[in-house]
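The numbering used here puts the first residue of the sequence shown at 1219, with every later residue one more than the last.
Here is the structure we will look at.
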Amino acid sequence: MTSRTDMPGATPAATIPAATIIIMRDRPDGPSDILMVERAGAMAFAPGAMVFPGGRVDPADRTFALALGWTDIDEGAARIAAIRETIEEAGLPIGVTPLPDAAAIATMRAALHGGAPLSAALAAAGATLALDDLVAFARWRPDHMPVRRFDTRFYLARLPAAASPPQVDGTENVRLCWASARAVLADADAGRLAIIFPTRCNLERLARFADHAAAVAHARATPVRMVAPWTERRDGKDWLCIPDDLGYPVTAHPLDEVRRG
1219 MTSRTDMPGA
1229 TPAATIPAAT
1239 IIIMRDRPDG
1249 PSDILMVERA
1259 GAMAFAPGAM
1269 VFPGGRVDPA
1279 DRTFALALGW
1289 TDIDEGAARI
1299 AAIRETIEEA
1309 GLPIGVTPLP
1319 DAAAIATMRA
1329 ALHGGAPLSA
1339 ALAAAGATLA
1349 LDDLVAFARW
1359 RPDHMPVRRF
1369 DTRFYLARLP
1379 AAASPPQVDG
1389 TENVRLCWAS
1399 ARAVLADADA
1409 GRLAIIFPTR
1419 CNLERLARFA
1429 DHAAAVAHAR
1439 ATPVRMVAPW
1449 TERRDGKDWL
1459 CIPDDLGYPV
1469 TAHPLDEVRR
1479 G
(Lines of atoms letter the chains of each structure in order from A and count residues from 1; the text may use other names and numbers.)
(Lines give C-alpha, C1' and ligand atoms only; values in the text may rest on other atoms or scores of the structure.)
Protein backbone atom coordinates (compact mmCIF):
# COMPACT_ATOMS: atom_id res chain seq x y z
CA MET A 1 0.00 0.00 0.00
CA THR A 2 1.27 3.47 -0.91
CA SER A 3 0.26 6.81 0.53
CA ARG A 4 1.74 10.22 -0.08
CA THR A 5 2.44 11.97 3.19
CA ASP A 6 3.60 15.33 1.87
CA MET A 7 3.21 17.09 -1.45
CA PRO A 8 5.46 19.59 -3.25
CA GLY A 9 3.82 22.97 -2.83
CA ALA A 10 4.51 26.55 -3.79
CA THR A 11 8.05 27.87 -3.53
CA PRO A 12 8.65 28.90 0.09
CA ALA A 13 9.36 32.59 0.62
CA ALA A 14 12.74 31.74 2.18
CA THR A 15 14.01 29.83 -0.86
CA ILE A 16 17.59 30.81 -1.80
CA PRO A 17 18.57 30.69 -5.50
CA ALA A 18 21.76 28.73 -6.09
CA ALA A 19 23.71 27.10 -8.91
CA THR A 20 26.31 24.38 -9.34
CA ILE A 21 28.47 22.95 -12.13
CA ILE A 22 29.04 19.26 -12.73
CA ILE A 23 32.52 19.40 -14.24
CA MET A 24 33.38 16.33 -16.31
CA ARG A 25 36.87 15.23 -17.31
CA ASP A 26 36.80 12.65 -20.09
CA ARG A 27 39.16 9.68 -19.92
CA PRO A 28 40.22 7.40 -22.80
CA ASP A 29 40.14 4.29 -20.62
CA GLY A 30 36.85 4.60 -18.77
CA PRO A 31 33.89 6.79 -17.78
CA SER A 32 34.39 10.49 -17.23
CA ASP A 33 35.64 11.74 -13.91
CA ILE A 34 33.54 14.31 -12.06
CA LEU A 35 34.96 16.98 -9.78
CA MET A 36 33.69 16.66 -6.20
CA VAL A 37 34.51 18.98 -3.30
CA GLU A 38 34.11 18.21 0.40
CA ARG A 39 32.31 20.92 2.32
CA ALA A 40 33.96 22.10 5.54
CA GLY A 41 32.57 20.65 8.74
CA ALA A 42 31.67 24.10 10.06
CA MET A 43 29.31 24.89 7.16
CA ALA A 44 25.64 25.29 8.08
CA PHE A 45 24.42 23.36 5.01
CA ALA A 46 25.66 19.84 4.25
CA PRO A 47 28.77 19.95 6.48
CA GLY A 48 31.32 17.30 5.51
CA ALA A 49 29.39 16.24 2.41
CA MET A 50 30.90 15.75 -1.04
CA VAL A 51 29.14 18.04 -3.54
CA PHE A 52 29.61 19.65 -6.95
CA PRO A 53 31.18 23.14 -6.84
CA GLY A 54 28.62 25.91 -6.52
CA GLY A 55 26.74 28.21 -4.21
CA ARG A 56 24.10 30.87 -3.87
CA VAL A 57 23.25 33.53 -6.46
CA ASP A 58 24.34 37.01 -5.36
CA PRO A 59 22.69 40.33 -6.29
CA ALA A 60 25.79 41.22 -8.33
CA ASP A 61 25.20 38.10 -10.47
CA ARG A 62 21.74 39.40 -11.37
CA THR A 63 23.16 42.83 -12.18
CA PHE A 64 25.76 41.22 -14.45
CA ALA A 65 23.11 39.11 -16.21
CA LEU A 66 21.07 42.25 -16.87
CA ALA A 67 24.14 44.03 -18.25
CA LEU A 68 24.80 41.08 -20.58
CA GLY A 69 21.30 41.38 -22.01
CA TRP A 70 19.70 38.28 -20.56
CA THR A 71 15.91 38.45 -20.66
CA ASP A 72 15.62 35.49 -18.28
CA ILE A 73 17.54 37.13 -15.46
CA ASP A 74 17.15 34.15 -13.11
CA GLU A 75 18.75 31.80 -15.64
CA GLY A 76 21.54 34.19 -16.58
CA ALA A 77 22.33 35.00 -12.95
CA ALA A 78 22.42 31.29 -12.06
CA ARG A 79 24.96 30.57 -14.81
CA ILE A 80 27.10 33.51 -13.70
CA ALA A 81 26.90 32.41 -10.06
CA ALA A 82 27.91 28.85 -10.97
CA ILE A 83 30.98 30.14 -12.82
CA ARG A 84 31.92 32.56 -10.03
CA GLU A 85 31.52 29.96 -7.29
CA THR A 86 33.59 27.42 -9.21
CA ILE A 87 36.44 29.90 -9.51
CA GLU A 88 36.17 30.74 -5.81
CA GLU A 89 35.90 27.15 -4.58
CA ALA A 90 38.13 25.24 -6.99
CA GLY A 91 40.15 27.77 -8.96
CA LEU A 92 38.69 26.53 -12.26
CA PRO A 93 37.59 29.16 -14.82
CA ILE A 94 34.76 27.14 -16.39
CA GLY A 95 32.87 29.24 -18.93
CA VAL A 96 35.61 31.88 -19.14
CA THR A 97 37.27 32.88 -22.42
CA PRO A 98 40.09 33.17 -23.25
CA LEU A 99 41.21 30.65 -20.67
CA PRO A 100 43.30 32.49 -18.04
CA ASP A 101 46.65 31.10 -17.00
CA ALA A 102 47.33 29.97 -13.43
CA ALA A 103 48.56 33.39 -12.29
CA ALA A 104 45.52 35.17 -13.71
CA ILE A 105 43.20 32.63 -12.11
CA ALA A 106 44.88 33.17 -8.74
CA THR A 107 44.41 36.93 -9.11
CA MET A 108 40.74 36.51 -10.08
CA ARG A 109 40.14 34.14 -7.21
CA ALA A 110 41.71 36.52 -4.69
CA ALA A 111 39.61 39.38 -6.02
CA LEU A 112 36.40 37.35 -5.71
CA HIS A 113 37.29 36.25 -2.19
CA GLY A 114 37.85 39.91 -1.40
CA GLY A 115 34.33 40.79 -2.48
CA ALA A 116 34.90 42.01 -6.05
CA PRO A 117 32.09 41.20 -8.51
CA LEU A 118 32.85 38.68 -11.25
CA SER A 119 32.44 41.37 -13.90
CA ALA A 120 35.34 43.37 -12.42
CA ALA A 121 37.56 40.30 -11.97
CA LEU A 122 36.98 39.30 -15.60
CA ALA A 123 37.70 42.80 -16.88
CA ALA A 124 41.00 42.89 -14.99
CA ALA A 125 41.97 39.56 -16.58
CA GLY A 126 40.91 40.64 -20.07
CA ALA A 127 38.38 37.80 -20.20
CA THR A 128 34.68 37.39 -20.87
CA LEU A 129 32.05 34.76 -20.17
CA ALA A 130 31.05 31.87 -22.44
CA LEU A 131 27.78 31.05 -20.73
CA ASP A 132 26.80 28.57 -23.44
CA ASP A 133 29.61 26.30 -22.20
CA LEU A 134 27.17 25.37 -19.42
CA VAL A 135 24.40 22.92 -20.35
CA ALA A 136 21.28 22.88 -18.18
CA PHE A 137 20.94 19.49 -16.48
CA ALA A 138 18.54 19.73 -13.54
CA ARG A 139 16.84 21.99 -11.03
CA TRP A 140 16.15 20.94 -7.45
CA ARG A 141 14.21 22.57 -4.64
CA PRO A 142 13.97 20.25 -1.63
CA ASP A 143 11.28 21.75 0.59
CA HIS A 144 12.13 19.79 3.71
CA MET A 145 15.17 21.82 4.80
CA PRO A 146 14.45 23.04 8.34
CA VAL A 147 16.53 26.23 8.08
CA ARG A 148 17.62 26.91 4.49
CA ARG A 149 15.80 25.94 1.33
CA PHE A 150 17.78 26.16 -1.89
CA ASP A 151 16.46 26.38 -5.44
CA THR A 152 19.53 24.99 -7.20
CA ARG A 153 20.17 24.80 -10.92
CA PHE A 154 22.65 22.14 -12.06
CA TYR A 155 24.77 22.56 -15.19
CA LEU A 156 27.12 20.26 -17.10
CA ALA A 157 30.51 21.47 -18.33
CA ARG A 158 33.62 19.88 -19.77
CA LEU A 159 36.99 20.54 -18.14
CA PRO A 160 39.08 22.62 -20.60
CA ALA A 161 42.10 20.65 -21.82
CA ALA A 162 44.51 23.43 -20.80
CA ALA A 163 42.96 24.12 -17.41
CA SER A 164 45.25 24.31 -14.38
CA PRO A 165 44.66 21.70 -11.65
CA PRO A 166 41.84 22.65 -9.25
CA GLN A 167 42.72 23.73 -5.73
CA VAL A 168 40.64 23.79 -2.55
CA ASP A 169 39.86 27.17 -1.01
CA GLY A 170 40.44 25.90 2.53
CA THR A 171 37.38 27.68 3.89
CA GLU A 172 34.12 26.46 2.38
CA ASN A 173 35.71 23.23 1.16
CA VAL A 174 38.61 21.21 2.53
CA ARG A 175 39.19 18.49 -0.08
CA LEU A 176 38.53 17.82 -3.73
CA CYS A 177 38.84 14.79 -5.94
CA TRP A 178 38.15 13.49 -9.43
CA ALA A 179 36.18 10.25 -9.60
CA SER A 180 33.55 8.58 -11.75
CA ALA A 181 29.93 8.81 -10.67
CA ARG A 182 29.90 5.08 -9.95
CA ALA A 183 33.01 5.34 -7.79
CA VAL A 184 31.56 8.18 -5.70
CA LEU A 185 28.34 6.23 -5.18
CA ALA A 186 30.30 3.12 -4.20
CA ASP A 187 32.33 5.09 -1.65
CA ALA A 188 29.18 6.64 -0.24
CA ASP A 189 27.50 3.25 0.09
CA ALA A 190 30.60 1.91 1.87
CA GLY A 191 30.58 4.83 4.31
CA ARG A 192 33.86 6.28 3.05
CA LEU A 193 32.25 9.63 2.21
CA ALA A 194 28.92 11.42 2.64
CA ILE A 195 26.56 12.72 -0.03
CA ILE A 196 23.16 14.39 0.27
CA PHE A 197 20.05 13.20 -1.55
CA PRO A 198 20.17 15.54 -4.60
CA THR A 199 23.85 14.69 -5.16
CA ARG A 200 23.09 10.97 -4.95
CA CYS A 201 20.26 11.18 -7.46
CA ASN A 202 22.29 13.22 -9.93
CA LEU A 203 25.25 10.86 -9.62
CA GLU A 204 22.93 7.89 -10.28
CA ARG A 205 21.74 9.69 -13.41
CA LEU A 206 25.29 10.55 -14.54
CA ALA A 207 26.53 7.01 -13.95
CA ARG A 208 24.61 5.93 -17.05
CA PHE A 209 26.89 7.87 -19.42
CA ALA A 210 30.40 7.13 -20.63
CA ASP A 211 31.48 10.70 -21.31
CA HIS A 212 30.54 14.36 -21.35
CA ALA A 213 29.06 14.21 -24.87
CA ALA A 214 26.66 11.42 -23.92
CA ALA A 215 25.57 13.26 -20.78
CA VAL A 216 24.99 16.46 -22.76
CA ALA A 217 22.94 14.65 -25.41
CA HIS A 218 20.78 13.19 -22.66
CA ALA A 219 20.43 16.58 -20.93
CA ARG A 220 19.32 18.31 -24.11
CA ALA A 221 16.72 15.62 -24.77
CA THR A 222 15.33 15.69 -21.22
CA PRO A 223 13.11 18.44 -19.82
CA VAL A 224 14.43 20.47 -16.90
CA ARG A 225 11.60 20.77 -14.40
CA MET A 226 11.72 21.55 -10.71
CA VAL A 227 12.44 18.48 -8.58
CA ALA A 228 10.75 18.84 -5.19
CA PRO A 229 11.10 15.46 -3.40
CA TRP A 230 8.21 14.13 -1.37
CA THR A 231 7.70 11.32 1.12
CA GLU A 232 5.51 8.28 0.50
CA ARG A 233 4.53 5.56 2.93
CA ARG A 234 4.91 2.19 1.22
CA ASP A 235 4.08 -0.98 3.09
CA GLY A 236 4.94 0.54 6.43
CA LYS A 237 8.17 2.25 5.30
CA ASP A 238 8.84 5.88 4.37
CA TRP A 239 10.41 6.51 0.97
CA LEU A 240 11.80 9.77 -0.42
CA CYS A 241 10.55 10.11 -4.00
CA ILE A 242 11.14 12.20 -7.12
CA PRO A 243 9.35 12.35 -10.51
CA ASP A 244 9.84 9.43 -12.88
CA ASP A 245 10.00 11.40 -16.15
CA LEU A 246 13.09 13.56 -15.67
CA GLY A 247 15.84 11.09 -16.55
CA TYR A 248 16.59 9.63 -13.11
CA PRO A 249 17.02 5.84 -13.08
CA VAL A 250 16.17 5.57 -9.37
CA THR A 251 13.15 7.59 -8.25
CA ALA A 252 12.66 6.40 -4.66
CA HIS A 253 15.02 5.73 -1.77
CA PRO A 254 14.23 4.56 1.78
CA LEU A 255 14.03 7.71 3.85
CA ASP A 256 16.20 6.29 6.63
CA GLU A 257 19.02 5.55 4.17
CA VAL A 258 19.52 9.03 2.71
CA ARG A 259 21.06 12.22 4.00
CA ARG A 260 18.97 15.31 3.34
CA GLY A 261 21.24 18.15 4.44
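In this text, a Cβ means the ideal position worked out from N, Cα and C, and glycines have one as well.
Unbroken beta strand (DSSP E) run spanning residue i, endpoints
| i | result |
| --- | --- |
| F1368 | R1367 to R1376 |
| P1249 | G1248 to R1257 |
| D1244 | T1233 to R1245 |
| P1311 | That residue, P1311, is in no beta strand (DSSP E); it is neither H nor E in DSSP. |
Of the listed residues the options, nearest to residue i (C-alpha basis)
| i | options | result |
| --- | --- | --- |
| M1268 | R1452, R1418, A1408 and T1346 | R1418 |
| I1240 | D1276, L1424, I1298 and T1449 | L1424 |
| Q1385 | D1429, D1462, P1335 and T1304 | T1304 |
| V1454 | L1473, A1341 and L1310 | It is worth fixing the name first, because residue 1454 is Gly in this sequence and not Val. Comparing Cα positions, the closest option is L1473. |
| L1340 | A1322, T1233 and F1355 | A1322 |
| D1462 | A1236, A1324, T1281 and R1443 | R1443 |
| T1281 | F1270, G1273 and A1296 | A1296 |
| G1465 | T1440, C1459 and A1446 | T1440 |
| V1445 | A1470, L1253 and A1345 | A1470 |
| E1293 | E1256, D1350 and L1253 | D1350 |
First through last residue of the alpha helix (DSSP H) which encompasses residue i
| i | result |
| --- | --- |
| F1270 | Looking at the DSSP string, F1270 is not in any alpha helix (DSSP H), and its letter there is neither H nor E. |
| L1403 | A1399 to D1407 |
| F1427 | From DSSP, F1427 is part of no alpha helix (DSSP H); its letter is neither H nor E. |
| R1521 | A question about residue 1521 goes unanswered here, because the residues of the chain that appear run from 1219 up to 1479. |
| P1277 | P1277 to A1285 |
Contact check, residue i vs residue j, beta carbons under 7 Å
| i | j | result |
| --- | --- | --- |
| G1313 | L1284 | no |
| S1250 | D1405 | no |
| E1307 | L1330 | no |
| F1415 | R1357 | no |
| L1421 | V1434 | no |
| Y1373 | A1300 | yes |
Item to complete: May I ask you to verify whether the segment 1276-1293 touches the segment 1312-1330, counting CB pairs closer than 8 Å and requiring at least 3?
Response: no
Item to complete: Report yes or no: do three or more beta-carbon pairs, one from the segment 1438-1454 and one from the segment 1395-1403, lie closer than 8 Å?
Response: no
Worksheet item: Quick one: complete beta strand (DSSP E) runs, 3+ long, within the segment 1431-1478?
Response: Runs of the beta strand (DSSP E) inside the segment 1431-1478: 1448-1452, 1455-1459 and 1470-1472.
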